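Participant:
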Amino acid sequence: MRREKRTRPVPNQANGSQKLIPTQISSRDSKVSLSSTVKGLRGRPPSSYSLKMESFNTLMKSVYTERYESRPFRVGRYNWTLVVYPKGNKNDNGTGHISLYVVLDNSTLSSQSEEVHVDLRFYVFNKKEKKYFTIQDTDVWRFSAIKTMWGFSKVLPLTTFNNLKNGYLYDIDHCEFGVDVIIPPFYEKSELFSVTKSFPNARFTWFIQGFSTLPTDYLSEEFIIGGKSWNLRIFRNVDNWFSPQTIGWGYADFMPLSDLRNSSKGFVVNDMLVVQVAMEEISSTKYLPN
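Just so it is clear: in the sequence shown, position 62 is 62 by the UniProt record's numbering, and no numbers are missing.
Here's what the structure looks like:
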């Protein structure tokens, strides 16, 4: 009996039914630019609730009915209702269109000041395409005790919806609507990337004595630039003097050993080689929480 009471066509307001509070009727059609509305076809069905009708024309032609309310369904810790206006919500400038809304049961709010930020995606099944026409907004919808009803007053023109060739009405009188109600959580993990381009003591000079007797792998003392610790590391083979990228960052073929050994080129003087590194930019990434 409870289901029959809550899942029903709602009598036309002109015939004595309870009126919706005007501030509760809210759509994005008049609140934001059209560029924030995204429409398209998708194969995946709605995840929160589906409403199938087998007598849509009867509902459409009734002079006593202006909207249809689904039974409540739960998402998060809140109860919601899908509302369909088969002839359009005239109170929201939706005459001549299918209007779709979601209503929050404000008795499930923890307080009168609580706001629920929700991503909404509405569905209309297209049997011809075997896909769902979807409409959504790029911004979240802010439900509260005084804003319990959000949606679109102009989902599809009735001229488009009622034309059987378009596939929204099928088997003469059948159709399907749906909605995704997604309550996105706030992020718990983040990272901050930054680049420092100027810092004191940006250069390190390494004086290498006894170059001719160096081992194949040689590491400098530790030095600090930009608040970070560094080492220079050199490797020698028979052909090249290099720093492989598997260890850090550098040049795999920095300079031929033949050039270093050639005294006329002046790189090695009195068996001493001077190597200098200059840091132009240092990037860092902080991860939160650590």
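Here a beta-carbon is modelled for each residue, glycine too, at the ideal position from N, C-alpha and C.
As the structure is a prediction and not an experimental result, all values here were calculated from the model.
Do Val124 and Phe56 count as a contact pair if the criterion is CB distance below 7 angstroms?
Facilitator: Result no, Cβ atoms of Phe56 and Val124 do not sit closer than 7 angstroms.
Participant: Give the secondary structure of Ser284 by DSSP, where H, G and I count as helix, E and B as strand, and everything else as coil.
Facilitator: Three-state result, Ser284: strand.
Participant: Rounded to the nearest angstrom, how far is the Cβ of His97 from that of Ser50, given a contact under 8 angstroms?
Facilitator: The Cβ separation is near 21 angstroms, so there is no contact.
Participant: Can you name the residues that DSSP bridges to Asp137?
Facilitator: In the DSSP output, where bridge partners are listed per residue, Asp137 has Thr37.
Participant: In whole angstroms, give me the CA-to-CA distance for Lys197 and Ile282.
Facilitator: Those two C-alpha atoms are separated by around 7 angstroms.
Participant: Going along the chain, which residues of its own chain have a beta-carbon closer than 6 angstroms to the beta-carbon of Tyr132, five neighbours each way excluded?
Facilitator: Cβ neighbours of Tyr132 beyond the five flanking positions: Arg42, Tyr123 and Phe125.
Participant: Return the first residue and the last residue of the beta strand (DSSP E) that Asn126 is part of.
Facilitator: Looking at the DSSP string, the run of the beta strand (DSSP E) that includes Asn126 is Val116 to Asn126.
Participant: On the DSSP letters alone, give me the boundaries of the alpha helix (DSSP H) that Ser258 sits inside.
Facilitator: First-last of the alpha helix (DSSP H) with Ser258: Leu257 to Arg261.
Participant: To the nearest angstrom, report how far apart Arg203 and Phe186 are at their CA atoms.
Facilitator: About 43 angstroms.
Participant: Got a sec? Which residues, its chain only, sit under 6 angstroms from Ile208 by beta carbon, not counting five neighbours each side?
Facilitator: The residues are Leu273.
Participant: Since Glu176 sits in a beta bridge, which residues does DSSP pair it with?
Facilitator: DSSP, once it has assigned bridges, lists Lys52 as partnering Glu176.
Participant: May I have the straight-line CA-CA distance separating Phe242 from Ser190, to the nearest angstrom?
Facilitator: Residue placement at Phe242 is flagged as unreliable, the pLDDT there being 49, under the threshold of 50; a coordinate-derived value is accordingly withheld.
Participant: Taking the Cβ atom as the reference point for each residue, do Val103 and Met60 lie within a distance shorter than 7 angstroms?
Facilitator: No, these two residues do not count as a Cβ contact at 7 angstroms.
Participant: Using the C-alpha atoms, what's the distance from Gly167 back to Phe161?
Facilitator: Between Phe161 and Gly167, the C-alpha separation is close to 8 angstroms.
Participant: How is Ser153 classed by DSSP in three states: helix, strand or coil?
Facilitator: DSSP places Ser153 in strand when its eight states are reduced to three.
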